[in-house]
Structures are given as structure tokens and as C-alpha cells.
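Residue numbering for the sequence shown follows this note's numbering, beginning at 4 and increasing consecutively. Cβ coordinates follow ideal geometry from the N, Cα and C atoms, glycine included.
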Amino acid sequence: MTKERFIEIYDQANQPVRLYKSGDYARYIPSGDIEYLGRADDQVKLRGFRIELGEIEAAILDHPDIDATVVVMDKGSSGEKELAAYFCTSIVPTPEWIAQLRQALFARLPEFMVPVYFTPIDEIPLNISGKLDRRRLPAISRQQVGAHGYQPPRTRVELALIEAYQEVLGIKQVGITDNFFQIGGHSLLALRLATIIESKLGKPVEIVDIFRYSTPRELAETFTRDALNLDKETLLTISETGSDEAIFLVHPVFGLAYPYLALSNCMQSERIYGLNNPAFGHEQGRFASIEQQAENYVSEIQKVQPQGPYRLGGWSYGGIVAYEMAQILRAQGQEVERLVLIDSFFASSQNWQQPDNLALQSFMFKEGVDPKSAFGKAFSVELRHTPALLMNYQPSAYEGRVDYLQASRKRDHDNPLIFDNLSNDWQRLVKGEFYLYHIDATHDDLFKEDKIEQTANVLRQIFSRQDVFSETDTLMSEIE
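Right, here's the structure in full:
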């Protein structure tokens, strides 16, 4: 007891001084006074480390906007012990602000001492003795606090990694830029993550790579080109609930249907599939024409839905392929109930040249794609080959109904692969009903986070057969 409580230190004159270790936490403040921070009795053990919760609380209190805090140990949704912080502040703590707070703590504390969750409260609940009353603490807020806005997966590999992260961490949403160790992961969970990744992708991942490349986007880059071949699966499941008649959405020009994953949260009552290019990223085995591509995709969708009525659509280039698919299905005697073209165009009527490599690389950089990465190289293959199919495609007249979603805003930067305001070309081709909708977005932003709800709202009404028109006898309707 004596050795444990009475400790010896040396003063500035190098003379021994005996101090009593009271078990209280305090700190000197600029005025020279000592600020009492609370008791240190709540020492906990986490993943083999003994942690003084008061030390974490002291670090949090150093933030100028924090008025009071308490850190507790909790058993998280993954079944693992986790640190959680409650705090009082006079500001509105947004997820971005909490992410900045966590980053500041990472600069001061070891990774295992930084709380996973932060919950704002009005005041710290105390009992009549002035001590923390844990029973009165509210439920922990398990809100995702990644430092970046949510970014959905772009490839099958990234999707599998995100699913593995979610399974290991027990959280519902992980983006490709979320750091495993900043959203609840740690060294022991990394071992479990490696096992699950191998079971999902059929390829082992080195534990050291999980520490070195901690986001799904970075980790995906460590996989070989063979891993990217998983994208050769033509049908991508967006949502499995809903009616017997599915919605089939064809990929845009870069060959993958990942942008439609953003619809999974907005159209949960629908069964939705995306169509990937099975030759994604490969120079060989490519489609010779849009007609051939459409025939292949029709055979794929009929594997899951042999008979109509069919509901088809596609964004940009995907709308062209969907248009030709509808022609094929109607020629088979099948019913095409809905054909939705999302800011699509056909280039044969335009004075348009194949973009050069410099323009394509510039476009990829603006879209956040590194041309030198494995994904970027596959992406560039698509951008070199697919536009040529557009130049040789001559669409024929269509006798059915077409719904056209048009981006009403001019694009913010030059996209060498698109044109604006070409809906009149479709009106001349469509002999059946033609409905036009305006979406307050640029072409590039239609499926991005801040516009997806608006796009999904129009799609939901069209595909659910709701009357979205104020005048049903008109052939044009604008939703702005």
C-alpha cells in the first residue's frame, strides 16, 4: 500500500520528493491554479491495455468548445468492448465537427484510447454525492462520424470490402473513404476483417495491408487485376425487396452500375438490378455494337425475369442500351411497361469526335479517379472503347412510352462524353407517349449525394405507376 500510494519524484534541484497518489485527476491552468478533473478510479482494460478514463476526459476537455465530458466503457453492437464519450457543449455538434474532434484526439492519444462514439448531452448526470450516475446516461449515439461525406462503392471489390467492414463493426453505413480504425476498428477486429474479406472475395489479404490501407478505397487498390474481374458479373443487385417485376438499370459509359447503389436507400420498396459491362476493363471480348450489347443484356435480365412486363432504364450511355433492349423485347412480343432515359443522348446526329487521352484523364481526375490506379486503368479502357459504339449506332423509331429525365443545369466543367439538351432528338424518334422531366442538377451530379433524393423521387413515381402529371392528357411534364 505504501509503495503504491507514496511515490518518489525528483525536483528541479534533483532532490527526491515524496508525493501521495490520491487517485484524483487535475491539471495546471494558465492562471497557475489547479483544476480538478475528477477521480481516476475508473481504470479499465481494453484489448490488453489498461486505460485511465480520466486521461481521455482530460484530453477531450482541452477542446475549447467542450464544457464537460465523461468517458465510459460499453459493449458495442459488434459485441466488442468500446469507448464512448458523452460531452456538453454550447455549439451544435455536427458529424463533421465530431470528426474533427476525433482527429484532434488521435494527435494526442494512442489509437486504442480514442472513443469510438461521441454523444452530446445537456449535463453530466450526478447522484446526491456528486458522483457520476451512470444509470441516467442516455443511450449512446452510434451515428457514423467519418471525416468525409458518404461515398458509395464504385466496384464489386469495394462493395465487398464495405460489406465486410459493416459486418465486423456492426454499423449500417460505411463509405469508401471511411478509415477502419476511426469508425470502431482495432487490431483484434482487423484479424476478423481479414478472414471475412477472404471469404467474400476468395483472396487473402495481408493484415499489414489493413493497417497500411485502412479505407475500402485504398484496400481495394491492393487487390490484383484478377480481383477486379469480379466486376464481370453482369447483374448487380441494388435492392432485393419489392414486386415480382424488377427494375433494370444499365450502366453509364464507364461500364459499371455502381452509381445506382445510391437508390437502395431511396427506393426500398422496389426490386432493382444494375447491369455491368461483363468486359469491364478488358481490351478483348468487347461488344462490337450497341445492338449486340443490348441482346446480351436482354438474355441476362430474362434469367431473373423470363416474362414481362419489363421496366428498363439507364443513365447517360445506359439509356441508349436500354432503348435498344426495349426494341428487342417488343420484337419478342414482350411488354415494356416503362422505359426511362436519364439524361441520355445519341451522338450519331452530332458533330462529335472521340476524346483524346488527355481529355479523358482530365475528366477522370475531376471525377476523383486516379488514371494510374488499377481501377483508373480499367476505367480508361471503357472510356476509349464505349463512345465509339455510340458513333455507329442509328436508333430506330420506338412505338412505346418513354419517360425522359433531363438535367436542367449546365455542367460545371467540361465532360467530353456528354451533350446538353438533346431531348428533342428523342421526341422525334418516339412515336408513343413521351414525358419529359427536369431535374435541378448537372448531368454529372444526378446520382450524387445532394441530388439523389430528387432523382429517386421522380424514378420512384414513374416506376411505381403513380400519376405524376398535373394534366394526364399532356405529353410533357416538368418536375423542378
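Since residue i and residue j are thought to touch, with beta carbons under 8 Å apart, how far apart are those beta carbons, to the nearest angstrom?
i, j, result
"residue 91", "residue 61", "About 15 Å separates the two Cβ atoms, so there is no contact after all."
"residue 382", "residue 394", "Not confirmed; about 20 Å, so no contact."
"residue 143", "residue 158", "The pair is not a contact, with the Cβ atoms about 33 Å apart (cut-off 8 Å)."
"residue 444", "residue 457", "7 Å"
Considering residue i, what are the terminal residues of the beta strand (DSSP E) in which it resides?
i, result
"residue 126", "No beta strand (DSSP E) holds residue 126; DSSP gives it neither H nor E."
"residue 32", "Where residue 32 is concerned, there is no enclosing beta strand (DSSP E), given that its DSSP letter is neither H nor E."
"residue 112", "Counting along the chain, residue 112 falls outside any beta strand (DSSP E), and DSSP gives it neither H nor E."
"residue 242", "238 to 242"
"residue 439", "437 to 442"
"residue 181", "Careful: residue 181 lies outside any beta strand (DSSP E) and carries neither H nor E."
"residue 21", "19 to 23"
"residue 48", "46 to 49"
"residue 16", "Where residue 16 is concerned, there is no enclosing beta strand (DSSP E), given that its DSSP letter is neither H nor E."
Does the Cβ of residue i lie closer than 8 Å to at least one heavy atom of the ligand GDP?
i, result
"residue 111", "With respect to the ligand GDP, the structure shown offers nothing to examine, as it has no ligands at all."
Apart from the five residues just before and just after residue i, which ones in its own chain have a Cβ nearer than 7 Å to its Cβ?
i, result
"residue 293", "323, 324, 327, 392, 396"
"residue 273", "242, 245, 250, 466"
"residue 19", "11, 13"
"residue 403", "329, 333, 339, 342, 435"
"residue 448", "454"
Using the C-alpha atoms, what's the distance from residue j back to residue i?
i, j, result
"residue 128", "residue 138", "9 Å"
"residue 277", "residue 67", "48 Å"
"residue 185", "residue 115", "10 Å"
"residue 264", "residue 59", "39 Å"
"residue 297", "residue 321", "10 Å"
"residue 76", "residue 260", "42 Å"
"residue 17", "residue 31", "22 Å"
"residue 385", "residue 255", "10 Å"
"residue 216", "residue 46", "32 Å"
"residue 111", "residue 36", "23 Å"
"residue 226", "residue 161", "10 Å"
"residue 53", "residue 113", "12 Å"
"residue 141", "residue 408", "46 Å"
"residue 224", "residue 93", "42 Å"
"residue 306", "residue 312", "14 Å"
"residue 269", "residue 400", "33 Å"
"residue 446", "residue 410", "5 Å"
"residue 289", "residue 257", "13 Å"
"residue 423", "residue 363", "Annotation note: pLDDT 43 at residue 423 (below 50); position unreliable, coordinate value reported separately. Taking the straight line from one Cα to the other gives about 18 Å."
"residue 300", "residue 275", "15 Å"
Excluding sequence positions up to five away, which residues of its chain have a Cβ less than 6 Å from the Cβ of residue i?
i, result
"residue 304", "251"
"residue 406", "343, 438, 465"
"residue 187", "119, 172"
"residue 169", "177"
"residue 316", "252, 325, 343"
"residue 208", "197, 200"
Got a sec, what are the start and stop residues for the alpha helix (DSSP H) residue i sits in?
i, result
"residue 163", "159 to 172"
"residue 464", "455 to 466"
"residue 63", "56 to 64"
"residue 220", "219 to 224"
Of all the beta strand (DSSP E) runs that stay within the bounds of the region 388 to 417, which reach a length of 3 or more residues?
At a cut-off of 3 residues, the continuous stretches assigned as beta strand (DSSP E) that sit fully inside the region 388 to 417 are 405 to 410.
Which runs of the beta strand (DSSP E) at least 3 residues long sit entirely within the region 277 to 363? Give them in chain order.
Those beta strand (DSSP E) runs which fall completely within the region 277 to 363 and span 3+ residues are 313 to 318, 339 to 345.
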